[in-house]
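Participant: Can you keep this structure in mind? I'll have questions shortly.
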Amino acid sequence: MYPNTPKFLVCFLCTFGMTSPSFSDGLPKGGEIVNGSGVITTSGNTMDITQISQKLVTHWQDFSIGKNNTVNFIQPSPSSIALNKVLGNNVSMIQGALNANGQVFLVNPNGVTFTPDARINVGGLVASTQNIDTQDFLASNYIFEGQSTNVIVNQGNITATQGGTVALIAAKIINQGTISSQSGNIMMGAGNKVTLDLGGPVKLEVEEGAITTLIEQGGAVHANGGMVYLTTKAVHELATSVINHTGITVAQTLSTGEQGEIVLLGDMDYGTTKVAGVIDASAPNGGNGGFIETSAANIKIANDTQINTKSKQGENGTWLIDPTDFTVSASGGDISGTALSSNLASGNVQIQTTGVGGNLYVNDTVSWSANKLTLTANNNIEINSNIVATGLGSLAFEYGLDSASGLGSAYTIASGVDVLIPKAANLTWKKAVLER
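Numbering-wise, our numbering comes out as the position in the sequence shown, counting from 1, plus 238.
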């Protein structure tokens with residue numbers, strides 16, 4: 239609040255709302271405060287939204303920011319939240335600067351695009367094409383629900399303050415820019431109903447899928463000491479649900495020991511997660527390596543994928559691959575033996591098939607000299623090509639997990655195939671009987 243703002247003005251704004259005056263073409267238009275109190279002012283190419291209440295709800299006819307324009311949210315505290323709902327028909331085109339010392343929610347069913355010139359510096363940001371009920375928002379029930387099929391695109395630079403959250407919620411989300419939050423949370427949820435929990439550990443859950451859900455992470459995401467969480471959900475078996483990772487995602491362990499976590503969670507019934515690029519939860523400056531998960535009904539991992547959970551001084555972390563069925567094969571499979579071998583040099587790897595059936599096939603040679611490869615199957619493990627661990631490499635078989643006894647499941651090693659381990663202590667197995 240401006241120090242000289244008269245009390246009657248604040249009351250007027252709170253009770254009746256306020257319609258913003260006519261602005262430059264490069265600034266939001268038709269702003270009306272409908273809950274909470276605040277003041278909207280403009281000067282040249284800059285708009286200041288001074289939030290007086292802890293929560294503020296503003297309706298806009300259009301919320302776009304031109305290339306040389308700036309919108310500032312001046313908020314009571316870092317935990318303050320300003321909800322901005324777009325009632326008009328235009329996509330929110332963010333081409334300029336958006337600044338806030340607290341959190342900004344931008345809800346536009348027509349879509350939101352942050353262009354390459356966009357510069358976002360906020361305490362936290364939620365951009366959604368699905369609606370949120372005002373009363374739910376005021377009660378801190380952050381449920382985003384709707385049928386919008388429009389897209390959120392980031393080509394710019396989004397930065398949250400330390401510990402802040404950036405969440406993108408839509409049926410389709412494309413990141414080609416940079417998103418950063420040191421020790422914070424960067425989340426993307428694709429579906430028709432998404433719940434965001436900002437209390438305690440931040441959580442995002444897609445409760446309802448859509449006909450087509452897509453997350454494209456082809457840009458750069460940085461959340462050292464924090465979490466990156468991408469998740470999609472399909473509405474039924476004829477729907478399309480894809481996470482496509484081709485960019486750089488980093489959540490390294492901090493020198494103070496806080497580990498990073500990166501999760502790509504596709505639909506576990508009908509979805510596909512495609513993994514390429516760089517995913518890094520390593521610990522280059524001390525502490526233990528973090529955790530990486532790539533899950534979906536179907537997982538495809540490119541040959542040039544670089545996964546890193548290695549620690550320079552502590553224990554290496556783990557990369558979990560969690561599909562329905564999984565095949566290691568030089569061609570036509572889900573990962574090549576070369577790619578698996580290469581990534582075992584930079585951390586432990588667990589392949590876990592958990593669907594009905596849940597078989598795991600090794601049809602291409604895998605070799606490594608450090609870290610642990612764990613093959614976990616709901617049903618059978620079939621070894622049809624050599625597995626060679628040397629040095630500090632170790633191997634674990636876990637199979638038949640679909641039942642308490644493991645009966646009816648086994649791991650089999652084809653004739654002429656070798657499983658070579660440096661010493662007996664480096665090999666463990668659970669359930670069923672070895673067949674050869």
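Where a beta carbon is used, it is the ideal one built from N, C-alpha and C, also for glycine.
Since the model is a prediction, treat every value here as computed from it, not as a measurement.
(1) Taking the alpha helix (DSSP H) that residue 580 belongs to, which residues open and close that run?
(2) For the alpha helix (DSSP H) holding residue 373, just list the boundary residues, first then last.
(3) Could you tell me the distance, in whole angstroms, from the CA atom of residue 605 to the CA atom of residue 627?
(4) Can you tell me where the beta strand (DSSP E) with residue 383 in it begins and where it stops?
(5) Check whether the Cβ atoms of residue 301 and residue 266 sit closer than 7 Å, and answer yes or no.
(6) Residue 568 and residue 539 look like a contact to me (Cβ under 8 Å); what is the Cβ gap, rounded to whole Å?
(7) Using 10 angstroms around the beta-carbon of residue 654, count the other beta-carbons present and answer buried if the total reaches 16, otherwise exposed.
(8) Can you tell me which of 583, 409, 584, 589 puts its alpha carbon nearest to the alpha carbon of residue 573?
(9) Just grab the DSSP bridge partners of residue 410 for me.
(10) Leaving aside the five residues before and after residue 244 along the sequence, list all residues of the same chain whose C-beta is less than 7 Å from its C-beta, in chain order.
(11) Smallest Cα separation from residue 314: which of 352, 361, 607, 349?
(12) DSSP three-state label for residue 521, please.
(13) Can you give, in chain order, each stretch of the beta strand (DSSP E) that sits fully within the stretch 432-491 and has at least 3 residues?
(14) In terms of residues, what are the limits of the beta strand (DSSP E) holding residue 352?
(15) In the DSSP assignment, find the beta strand (DSSP E) that holds residue 399 and state where it starts and stops.
(16) Could you give the DSSP three-state label for residue 534: helix, strand or coil?
(17) Could you check how far apart the C-beta atoms of residue 409 and residue 356 are, in whole angstroms? I think they sit under 8 Å.
(18) I need the straight-line Cα distance from residue 748 to residue 441, nearest angstrom please.
(19) Could you say which of 507, 637, 397, 364 lies nearest to residue 617 if we only look at CA atoms?
(20) Cα-Cα, which of 269, 549, 490, 517 is closest to residue 456?
(21) Go ahead and label residue 342 buried or exposed: buried means 16 or more other beta carbons lie within 10 angstroms of its beta carbon, across all protein chains shown.
Facilitator: This is what the structure holds:
(1) Counting along the chain, the alpha helix (DSSP H) containing residue 580 begins and ends at 575-582.
(2) Element bounds for residue 373: 372-376.
(3) One C-alpha to the other measures close to 6 Å.
(4) 380-383 is the extent of the beta strand (DSSP E) around residue 383.
(5) Yes; because the gap between Cβ atoms is below 7 Å, this pair is in contact.
(6) Going by Cβ atoms, the distance from residue 568 to residue 539 rounds to 13 Å, so no, they are not a contact pair.
(7) Answer is exposed; the Cβ neighbour count stays below 16.
(8) By alpha-carbon distance to residue 573, the top candidate from 583, 409, 584, 589 is 589.
(9) As a beta-bridge residue in DSSP terms, residue 410 pairs with 389, 452.
(10) Note on residue 244: pLDDT 33, under 50, position unreliable in the model; no value is reported.
(11) Comparing alpha carbon positions, the residue from 352, 361, 607, 349 closest to residue 314 is 361.
(12) In this structure, residue 521 counts as strand in the three-state DSSP scheme.
(13) If we require 3 residues or more, the beta strand (DSSP E) runs fully inside the stretch 432-491 come out as 441-446, 450-455, 458-460, 465-470, 478-483, 486-488.
(14) Unbroken beta strand (DSSP E) run through residue 352: 350-352.
(15) Annotation for residue 399: no beta strand (DSSP E) segment contains it, and DSSP assigns it neither H nor E.
(16) In this structure, residue 534 counts as coil in the three-state DSSP scheme.
(17) Contact doesn't hold; Cβ gap of about 21 Å is too wide.
(18) Residue 748 falls outside the range modelled here, since the chain spans only 239 to 674, and no answer is possible.
(19) Measuring from the Cα of residue 617, the nearest candidate turns out to be 637.
(20) Looking at the Cα atoms, 517 is the closest of the given residues.
(21) It counts as buried.
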